[in-house]
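Report on one structure; see the data block that follows.
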Amino acid sequence: MIIVPLAEAKNNLSKLVDDAAAGQIITIAKHGRPLARLVPVERPRGQRIGAMKGKLILTDDFDTPLPDDLLDAFEGHPA
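Numbered as in this note's numbering, the sequence shown ends at 186 without a single skipped number.
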């Protein structure tokens, strides 16, 4: 952990942000008292593309045209 005086942090903010992005935790102090902390942002841990691979099944007729009455309902035509 790095402790940096506020005045120095103002003058070197860009470098401090780069250091934080690289994994450093930086504490900004005023008159020797810690006030704020710059920390690296966690990377998102969302679902990966392809996470459902092999778990979904499409039948051979999945692209068969819909019956006229169902197609009309989707298109907003009265029955």
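Just so it is clear, CB atoms sit at the ideal spot from N, CA and C, and this is done for glycine as well.
Going along the chain, which residues of its own chain have a beta-carbon closer than 8 Å to the beta-carbon of residue i, five neighbours each way excluded?
i           : result
residue 113 : 135, 136, 137, 142
If distances are taken between C-alpha atoms only, which option among the options comes closest to residue i?
i           : options            : result
residue 131 : 177, 175, 109, 184 : 109
Tell me, please, which residues DSSP counts as bridged to residue i.
i           : result
residue 143 : 135
residue 111 : 135
Given residue i, which residues of its chain have a CB within under 7 Å of its CB, disregarding the five upstream and five downstream residues?
i           : result
residue 123 : 111, 116, 133, 145
Handout entry: Start-end ranges of the alpha helix (DSSP H) lying completely within the region 152-182, minimum 4 residues
Key = 175-182
Practice task
Take every Cβ of the region 117-135, pair it with every Cβ of the region 144-162, and state whether three or more of those distances are shorter than 8 Å.
Solution key: yes
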